[in-house]
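K.L.:
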Amino acid sequence: PVADIGVVGLAVMGSNLARNLARNGNKVAIFNRSPEKTEHLVVEHPEAEFVPTFTYEEFAASLARPRTAIIMVKAGAGTDAVIDELVRVFEPGDIIVDGGNAHFPDTIRREKAVRETGINFVGAGISGGEEGALNGPSIMPGGSDEAWVTLGPILRSIAAIAEGEPCVTHIGHDGAGHFVKMVHNGIEYADMQLIAEAYDLIRRGTGKTPAQIADVFAEWNTGELESYLVEITAEVLRQNDAATGEALVDVILDEAGAKGTGAWTVQTALDLGVPASGIAEAVFARSLSSQRGQRDAAVGLPGPAPAEHEGFAHDAETFVEQVRLALYASKIVAYSQGFDIIRAGAAAYDWAIDLGAVSKIWRGGCIIRAQFLNRIADAYAAQPDLPLLLAAPYFAEALGRAQDAWREVVTVAAASGIPAPAFASSLAYYDGLRADRLPAALVQGQRDFFGAHTYRRVDRPGVFHTEWSGDRSETQES
Ligand code: NBP
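Numbering of the sequence shown is given in UniProt numbering, commencing with residue 4 and proceeding in unit increments.
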């Protein structure tokens, strides 16, 4: 055996990860179902000194014990097929890592099945796309402590570095890594939607061109909003279409695609009872954009009279600053909701997830990398059992500073007929949490009326029911 790690699946992600591993001092065995990809990679990258293999037996024989293999194939049936093959040729104590975008319940199932053979199975979320895989991704591995002993140093050698620390930590056992990767993607959806709403409001509110708004985002990227997504937003807005000379953003069809991880996040939040409303709005906003038939059917529906919103941004610079503050506040809500999902998932699946460590490994390599994550890391360092991220002192202060502008922007959006679902729902969530009394009391009364679902009282313990169809007296349930 000559290699200390293997990669199975040599499409764009696997090839780049294999090169990253090789560049960082690992001897890498490679295997792909179609041998051409293996041959191609060896020829294209002689500097990596790969160990090419063409059967699973050869692959296993080339690896030093405990054998460690990272699978980077199409999530789903492809992953199961490769796991079956590796289980056949590996031995107890060896380690199989799935670095693809598996849904965490699949990872839980696979880990349980593979563990019975004595082989370790690690579901590792890998974020950062092709570029990250090559130059340093953010890695979210689950799996056993035993596997982490071998795998930890290898993953640390290839992860992105942020503030001097590698962007990888052992998240928790079985599906914890893919769970956290899923929530990362959910937050990514929210972040992108919030940025898109900010762009739309500024464009329609001030009449600035995409190139001028690119300058706004570039400026924002020097302050508290500094992040990869804000940075690339400026790049996209500045891009002109060669064919038409128009801003590229104006010739791109306005129907957003999705690969499903945002929907998984929201479905999981619903299952766990976590109000991830900002993330949900971001997923639904993409769905709405793609409902061409419904959008066509809605053409001509009445909107506000022009007089009602005309000139709402008399002072463009003030409005831009209000939008910036609304974006920052809504972003705090999205992350707070995301961390709530992780906390609830950890409790439901018995994972000991360090939320501060999660915020740190998202500081580099991944799509949501941002300055802001340092503030989240600080908040969890100050109080590891923080019940509500947005109520941590730093964020509470920021929300206090932003809230007037946030309310103004949501008001203006509604009055002007500009959809800002993520801004608006984030604000409603914030106000819902803050409320002294919620109309949930009335909902409890309604539930008791039609379904005898009972209610509790503010003034004494116990469970109560009103005889709605009788004399309307109150009884206390035993
Ligand atoms: P793809 O998702 O396009 O998968 C292609 C690879 O899967 C090829 O190596 C192919 O082998 C292999 N494969 C398939 Br399909 N079915 C197989 C089977 N039954 N047995 C063995 N191999 C099989 O590759 P990718 O775009 O590089 O992505 C790899 C993973 O990384 C996916 O899970 C994806 O979701 C994830 N991903 C993550 C990010 C990110 O930012 N984190 C970005 C892109 C992708 P062949 O060559 O023989 O057809």
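Backbone N, C-alpha and C fix where the C-beta goes; we use that ideal spot for every residue, glycine too. In this text the structure is predicted, and so the values were computed from the model without any measurement.
So does I98 have its beta carbon nearer than 7 Å to some heavy atom of the ligand NBP?
P.N.:
Not under cutoff, so the answer is no.
K.L.:
Is the distance from the Cβ of V252 to the Cβ of V239 below 8 Å?
P.N.:
For V252 and V239, yes; Cβs fall inside 8 Å.
K.L.:
I198: which of A221, A438, V186 sits nearest, CA to CA?
P.N.:
For the residues A221, A438, V186, the minimum Cα distance to I198 belongs to A221.
K.L.:
Would you check if the segment 277-287 and the segment 339-356 touch, i.e. whether three or more CB-CB distances between them fall below 8 Å?
P.N.:
They touch, by the three-pair rule.
K.L.:
Is the shortest distance between the beta-carbon of P307 and the beta-carbons of chain B less than 8 Å?
P.N.:
Absence of chain B from the displayed structure is noted, only one protein chain being present.
K.L.:
Mind the definition here: the segment 83-93 touches the segment 22-33 only if three or more C-beta pairs lie below 8 Å; say whether that holds.
P.N.:
Touching, no.
K.L.:
Are the beta-carbon atoms belonging to T142 and N27 less than 8 Å from one another?
P.N.:
One detail in the question is off: residue 142 reads as Ile in this sequence, not Thr. No, these two residues do not count as a Cβ contact at 8 Å.
K.L.:
Under the three-state reduction of DSSP, which class applies to G135: helix, strand or coil?
P.N.:
Helix.
K.L.:
Under the rule that 16 or more other beta-carbon atoms within 10 Å means buried, what is A399, buried or exposed?
P.N.:
Looking at its Cβ environment, which holds fewer than 16 other Cβ atoms inside 10 Å, A399 is exposed.
K.L.:
Exposed or buried, which one is F124 when buried takes at least 16 other CB atoms within 10 Å?
P.N.:
Classification for F124: buried.
K.L.:
Determine the closest residue to A179 out of C170, R346, V326, with distance taken between C-alpha atoms.
P.N.:
Ranking the options by Cα distance to A179, first place goes to R346.
K.L.:
Please report the Cβ distance between A418 and P307, rounded to the nearest whole angstrom; I am assuming they are in contact, meaning their Cβ atoms lie under 8 Å.
P.N.:
That belief holds up - the Cβ atoms of A418 and P307 are roughly 6 Å apart, short of 8 Å.
K.L.:
Could you tell me which residues DSSP puts in a beta bridge with P169?
P.N.:
P169 is bridged to I164.
K.L.:
Can you check whether the CB of E133 is closer than 8 Å to the CB of M16?
P.N.:
Cβ distance < 8 Å, so M16 and E133 count as in contact.
K.L.:
So which of A288, K184, V45 has the shortest CA-CA distance to G131?
P.N.:
Checked all of A288, K184, V45; the closest Cα to G131 is K184.
K.L.:
Would you kindly check if the distance between the Cβ of G126 and the Cβ of T110 is under 8 Å?
P.N.:
Going by C-beta atoms, T110 is nearer than 8 Å to G126.
K.L.:
Taking the continuous beta strand (DSSP E) assigned at Q479, which residues delimit it?
P.N.:
477-480 is the extent of the beta strand (DSSP E) around Q479.
K.L.:
DSSP on A80, reduced to helix/strand/coil?
P.N.:
It is helical.
K.L.:
For a quick check, are the C-beta atoms of A214 and A250 less than 8 Å apart?
P.N.:
Yes.
K.L.:
What are the boundary residues of the beta strand (DSSP E) that I99 is part of?
P.N.:
Run containing I99: 98-101, per the beta strand (DSSP E) assignment.
K.L.:
Tell me, please, which residues DSSP counts as bridged to V31.
P.N.:
For V31, which the question treats as bridged, DSSP gives the partners I8.
K.L.:
In the DSSP assignment, what are the bridge partners of P144?
P.N.:
BP columns for P144 point to A127.
K.L.:
Using the Cα positions of M75 and G12, report the straight-line distance between them to the nearest angstrom.
P.N.:
Their Cα atoms are separated by approximately 5 Å.
K.L.:
Out of D177, N138, H48, point me to the one whose CA is closest to E149's CA.
P.N.:
If we check each option's Cα against that of E149, D177 comes out closest.
K.L.:
At a threshold of 7 Å, does L376 count as lining the ligand NBP (C-beta to nearest heavy atom)?
P.N.:
No, the ligand NBP has no heavy atom inside 7 Å of this Cβ.
K.L.:
Does at least one heavy atom of the ligand NBP sit under 7 Å from the Cβ of V76?
P.N.:
Within the cutoff, so yes.
K.L.:
Can the beta-carbon of R175 be found less than 8 Å from the beta-carbon of G145?
P.N.:
Per the sequence shown, the amino acid found at residue 175 is Gly instead of Arg. Cβ distance < 8 Å, so G175 and G145 count as in contact.
K.L.:
In terms of residue numbering, what span does the beta strand (DSSP E) encompassing T469 cover?
P.N.:
Segment 466-469, the beta strand (DSSP E) holding T469.
K.L.:
Taking only heavy atoms of the ligand NBP into account, decide whether any of them is closer than 7 Å to the Cβ of R450.
P.N.:
False, no ligand heavy atom lies under 7 Å from that Cβ.
K.L.:
Between S18, D218, L304, S65, which lies nearest to V46 when the distance is taken from Cα to Cα?
P.N.:
Checking every option, the nearest Cα to that of V46 belongs to S18.
K.L.:
Mind checking which residues open and close the beta strand (DSSP E) that includes T71?
P.N.:
It spans 71-74 - the beta strand (DSSP E) in which T71 sits, taken as one unbroken run.
K.L.:
If you reduce the DSSP assignment to three classes, tell me which class residue 3 lands in.
P.N.:
Outside the modelled stretch of the chain, which goes from 4 to 481, sits residue 3, for which no answer is possible.
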